[in-house]
Amino acid sequence: MQVKSFEEYQQVYRKSVEQPEKFWDEIANNFLWKKKWDKVVEWNFVEPNIKWFKGAKLNITENCLDRHLEKNGDTPAIIWEPNDPTEHHRILTYRQLYNKVCQFANVLKNNGAKKGDRICIYMPMVPELEIAVLACARIGAVHSVVFGGFSAQSIADRIKDADCNIVITADGGFRGNKVIDLKSIIDDALVQCPSVEKVVVLTRTRTPVSMLKGRDVWWEDEIKKVETQGNTECPAEEMDAEDMLFILYTSGSTGKPKGVVHTCGGYMVYTGYTFSNAFQYEPGEVYFCTADIGWITGHSYIAYGPLSQGATSVLFEGIPTWPNSSRFWDIVEKFKVNILYTAPTAIRSLMSFGDEALKGKDLSSLKKLGSVGEPINEEAWHWFDEKIGHGNCPIVDTWWQTETGGFMISPIAGVTPTKPGYATLPLPGIQPILVDENGKEVKGNGVSGNLCIRFPWPGMLRTTYGDHERCRTTYFAAYPNLYFTGDGCLRDEDGYYRITGRVDDVLNVSGHRIGTAEVENAINMHSSVVESAVVGYPHDIKGQGVYAFVICPDQEHEPELTRKDILMTVSRIIGPIAKPDKIQFVSGLPKTRSGKIMRRILRKIAEGDTSNLGDTSTLLDPGVVDEIKAGAL
Ligand code: WTA
1 MQVKSFEEYQ QVYRKSVEQP EKFWDEIANN FLWKKKWDKV VEWNFVEPNI KWFKGAKLNI
61 TENCLDRHLE KNGDTPAIIW EPNDPTEHHR ILTYRQLYNK VCQFANVLKN NGAKKGDRIC
121 IYMPMVPELE IAVLACARIG AVHSVVFGGF SAQSIADRIK DADCNIVITA DGGFRGNKVI
181 DLKSIIDDAL VQCPSVEKVV VLTRTRTPVS MLKGRDVWWE DEIKKVETQG NTECPAEEMD
241 AEDMLFILYT SGSTGKPKGV VHTCGGYMVY TGYTFSNAFQ YEPGEVYFCT ADIGWITGHS
301 YIAYGPLSQG ATSVLFEGIP TWPNSSRFWD IVEKFKVNIL YTAPTAIRSL MSFGDEALKG
361 KDLSSLKKLG SVGEPINEEA WHWFDEKIGH GNCPIVDTWW QTETGGFMIS PIAGVTPTKP
421 GYATLPLPGI QPILVDENGK EVKGNGVSGN LCIRFPWPGM LRTTYGDHER CRTTYFAAYP
481 NLYFTGDGCL RDEDGYYRIT GRVDDVLNVS GHRIGTAEVE NAINMHSSVV ESAVVGYPHD
541 IKGQGVYAFV ICPDQEHEPE LTRKDILMTV SRIIGPIAKP DKIQFVSGLP KTRSGKIMRR
601 ILRKIAEGDT SNLGDTSTLL DPGVVDEIKA GAL
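Using the UniProt record's numbering, the first residue of the sequence shown is number 1, and each one after it goes up by one.
Okay, structure coming up:
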């Protein structure tokens, strides 16, 4: 599945465009199927209706586990590094992981789980999180993983949207010097969720928890039951290629987060193929992706992609800056990591600690580096290249999205010549196109436009859970017959792609997608807030920060307390990750006569660029702009 030279890439790419069915048919043959497909792809971007490998039968866990047992059963699948460096690391070989997944799959069955059920997972970054994910896939249940930084309210919204009947969680989770009371947050969420019949709780932090009779069970007790039953094997459920594998919620420009749906066959092929090809993964290499399994990067490139390729992955529970800012480099040295895949926000944060944190660290095992989640600025790119890669490691800047399932535009390590800040060229099978506001194709090089894709790929989303119309209007209605990414993009003179950021009202804060409307709704829940508007602004470490303009007449008495109250409200409604960095109290917002907030003006003010605010004459009350300008933070 790997191309070995730039000429070969060009050749394969051409073939993938001219004969896409033949191309994907050959790639898909590298995987294990219970039954092969009748048709490679059937699609239209109008409804949309997308089916890959129709008629094929499989179970993705057989590709990730069973097929490695004979030759690579003793190869480490997971090297788990705990939050606290003084706690022992754990290694799980493919055979051990297989056994644990089968055991836990039987636990799920004992607790009433069946094919097609939706199961919510809210856990810390421990091997049992990956085991839980794979156990769901083993029995054909659909997992919906919720990142540990989301609030009880957000979890409840997601559980209700997907109508989950089981939750898998832990007593708590360690993150740096904090303990997060996961079970207690779940308890708060479940007050609103009568559909949940069982909660399986893993012991991790020994935080006191309340266990409800008949509903809550301990992971460890349930495993013991399975052991005494002698239930060690769990046959993999036969799945249709287009059966749902998982739901993952992500923010858009309007309304509540939507549940992006991925299916079994195409997702397996796409994540396995792109992992192998873009990173040029060789057997025996140690791969470390620093993302959380709660995000798509963790799903595709910690769990499914690497496992389907028999890779050895480091799974890290903690954060890059605790107990000190050498944490990543110590892990690289300890496990002789060969491939490090991280995010620009982490790079910038570690960069800010200076070279001291790198002193004496042996990074010579590193061969390839990767970046994901947001545009990487040139300064961070060069630092990563020089200080971490010592100029010897290709940087694979992977552009993709929750909706795309896997890498779309990305260098192939050591094959594609790289350029700082550029995701470079589309991977084989991917057909990007730039369009202008009116949907007209922007042709040639040295141009920019809105980034769309004109042909389906196996890893793309199929729908948004429970609301297909929303999928259509969000991604397929802006431009006829194209998938619209929401990103702006530049194609330079060499035909290289550089992603310039979102063109919709979605912020990218530390690589996390946050909808401005979502944050506004949360702020507006505060009892004394009249109205608010949220925009992004450039932030040295986070990439973008959250700037909120808030109308709140009561704040005059105690502005600082009101500010904190608003932050608490956002934490409670969405989660700590969405807390505004800046809150400016204003008496009014710049609105047009038809009542629309002119965000363009607010964005400029938030960026600190007030020299040229453009035409403000159409505003209902132009005076408000001067007031906001004067009070800018
Ligand atoms: C942004 C994360 C520039 C982009 C995998 C996209 C990037 C959004 C890159 C998706 C990159 C992701 N360069 N921008 N290499 N990778 N993005 O769904 O705006 O959490 O639309 O998926 O992140 O974020 P998501």
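Glycine included, every Cβ here is placed at the ideal spot set by N, Cα and C.
Under the criterion of beta carbons closer than 8 Å, Gln401 and Thr473 do not qualify as touching, at roughly 17 Å.
With a cutoff of 9 Å on beta-carbon distance, Gly305 and Phe275 are scored as near each other.
As the crow flies, the alpha-carbon of Gly149 is around 10 Å from that of Asp292. The alpha carbon of Ser308 has as its nearest neighbour, out of Leu69, Asn106, Gly536, the alpha carbon of Leu69. DSSP places Cys552 in the coil class of the three-state scheme, outside both helix and strand. In this structure, DSSP gives Ile376 a state outside helix and strand, which the three-state scheme calls coil. DSSP lists Ile453 as the beta-bridge partner residues of Pro432.
In the three-state DSSP reduction, Asp487 falls in the strand class (E or B). Inter-residue distance for Gly511 and Glu531 is about 27 Å (C-alpha atoms, whole angstroms).
Membership of Phe275 in the alpha helix (DSSP H) is indicated by the continuous run 264 to 279. The segment 418 to 428 and the segment 487 to 506 touch, with no fewer than 3 CB-CB distances between them shorter than 8 Å.
Apart from sequence neighbours up to five positions away, the residues of its chain that approach Ser571 with a beta-carbon distance below 7 Å are Ser151, Lys579, ordered along the chain.
Within the chosen limit of 8 Å, ligand 1 does not reach the beta carbon of Trp381 with any heavy atom. Remark: fewer than three beta-carbon pairs, one from each stretch, lie closer than 8 Å, so the segment 480 to 495 and the segment 545 to 558 are not flagged as touching. Distances from the CB of Pro375 to the heavy atoms of ligand 1 include at least one below 8 Å. A direct Cα-to-Cα measurement between Trp329 and Leu363 gives close to 7 Å. If you check the CB distance, Tyr341 and Tyr301 come in under 9 Å. Distances taken from the Cβ of Ser448 to the heavy atoms of ligand 1 include none shorter than 8 Å. Boundaries of the beta strand (DSSP E) harbouring Ala170: 166 to 170, taken from the DSSP string.
Taking the CA atoms as reference points, Lys604 sits about 14 Å from His539. Distances from the CB of Trp400 to the heavy atoms of ligand 1 include at least one below 8 Å.
Between Asn438 and Trp33, the alpha-carbon positions lie close to 43 Å from each other. Glu18: member of the alpha helix (DSSP H) spanning 6 to 18, first to last residue. A contact is defined here as three or more CB-CB pairs under 8 Å, and the segment 202 to 220 meets this definition with respect to the segment 169 to 181.
Burial state of Thr86 is exposed, judged by a 10 Å Cβ sphere holding fewer than 16 other Cβ atoms. Taking the CA atoms as reference points, Ala632 sits about 36 Å from Leu434. Of all alpha-carbon atoms in Val269, Ile27, Phe549, Lys387, the one lying nearest the alpha-carbon of Leu350 is that of Lys387. Around the beta carbon of Gly259, 16 or more other beta carbons sit within 10 angstroms, so the residue counts as buried. Under DSSP, no beta-bridge partner is assigned to Lys225.
Inclusion of Ser371 in the 8 Å shell around ligand 1 follows from its C-beta lying nearer than that to a non-hydrogen atom of the ligand. In the three-state reduction of the DSSP assignment, Tyr122 falls in the strand class, which pools E and B. Val191 is classed as exposed because its beta carbon has fewer than 16 other beta carbons within 10 Å across all chains shown.
Within the model, the alpha-carbon separation for Pro458 versus Gly176 is close to 38 Å.
Under DSSP, Thr592 shares a beta bridge with Leu619. Per DSSP, Ile409 lies in no beta strand (DSSP E) and is assigned neither H nor E. For Phe45, the CB contacts under 6 Å within the same chain, skipping 5 residues up- and downstream, are Phe476, Asn481 in chain order.
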